[in-house]
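One structure below.
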Amino acid sequence: MESFVKVTGIAAPLMRANIDTDLLIPSREITGSGKDGYGAKLLAPWRYLPGPAGSRIENPDFVLNREPFREARFLIADANFGSGSSREPAVWAVRQFGLRGVIAPSFGAIFRNNCYRNGVLPIELPKDQVEDLAHDAESGRLVLTVDLDACDIVRPDGTRIAFSVPPNERAMMLEGLDAIGLTLKLSAQIHAFQAADRKARPWIWDIPQIAGDPV
Numbered sequence: 001m002e003s004f005v006k007v008t009g010i011a012a013p014l015m016r017a018n019i020d021t022d023l024l025i026p027s028r029e030i031t032g033s034g035k036d037g038y039g040a041k042l043l044a045p046w047r048y049l050p051g052p053a054g055s056r057i058e059n060p061d062f063v064l065n066r067e068p069f070r071e072a073r074f075l076i077a078d079a080n081f082g083s084g085s086s087r088e089p090a091v092w093a094v095r096q097f098g099l100r101g102v103i104a105p106s107f108g109a110i111f112r113n114n115c116y117r118n119g120v121l122p123i124e125l126p127k128d129q130v131e132d133l134a135h136d137a138e139s140g141r142l143v144l145t146v147d148l149d150a151c152d153i154v155r156p157d158g159t160r161i162a163f164s165v166p167p168n169e170r171a172m173m174l175e176g177l178d179a180i181g182l183t184l185k186l187s188a189q190i191h192a193f194q195a196a197d198r199k200a201r202p203w204i205w206d207i208p209q210i211a212g213d214p215v
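So that you can map any letter, position 134 of the sequence shown is 134 in the UniProt record's numbering, and since no number is skipped, the others follow by simple counting.
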């Protein structure tokens, strides 16, 4: 997973509430068993005009089809972003489009957790702050710097907006690690505990061999 320390980029406004995972990546767009190829499928019902199956005629009025938002690194959305099913391809699509973070008043819980595991930072802010950012983003000139180390968003004028991230998830994203990788950083402590526990409770570790069991 790519780490997230400090990212600067254009913010795109999409102030609609309840953008669920079926909108982010419709089930008909989930094909094959790999993780690649989802960026073009993000928000397909809105990004493309109705047409024959498989057609990809862009809707010129949709925000992510317009410059400079095609190169957006952050999406500003309304409440309950990513609600619905647990499908992880929804986050893959967000990331593969090029987005590194989503700013919203609230998120679907499973989607939020999937974001942390896939290098997308979900930033939860009060609704009035989200609306202010979205308003400024409409011009196409809102370039934000999101500093995960400091846990703040820096506006072009230097104004800082603080946000919070759970400690474990913050560490995962700063170092580009998944939960297993983060745990393995504690290998020395784990081995020390195991050695001490083996002495204190040997009966836990010395499991007798049962006849007929494979060695």
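Glycine included, C-beta positions come from ideal geometry on N, C-alpha and C.
- Residue 168 holds the alpha-carbon nearest to the alpha-carbon of residue 116 among 168, 10, 127 and 81.
- In this structure residue 203 is exposed. Its beta-carbon is surrounded by fewer than 16 other beta-carbon atoms within 10 angstroms.
- Take the alpha-carbon of residue 186 and the one of residue 110: they are about 26 Å apart.
- With fewer than 16 other beta carbons inside 10 angstroms of its own, residue 159 counts as exposed.
- Residue 184 is classed as exposed because its beta carbon has fewer than 16 other beta carbons within 10 Å across all chains shown.
- Residue environment for residue 32: exposed (fewer than 16 other C-beta atoms within 10 angstroms of its C-beta).
- When DSSP reads this structure, residue 127 sits in no beta bridge, so it has no partner.
- For residue 21, no beta strand (DSSP E) encloses it; the enclosing alpha helix (DSSP H) starts and ends at 21-24.
- Rounded to whole angstroms, residue 69 and residue 182 show a C-alpha spacing of 34 Å.
- With contacts defined by Cβ atoms closer than 8 Å, residue 64 and residue 57 do not form a contacting pair.
- Exclusion of the five residues before and after residue 88 leaves 114 as the residues of its chain whose Cβ lies within less than 7 Å of its Cβ.
- Residue 58 sits in a strand when the DSSP states are folded into three classes.
- Secondary structure of residue 181 (DSSP, three-state): helix.
- Annotation for residue 77: the continuous beta strand (DSSP E) segment containing it runs 74-77.
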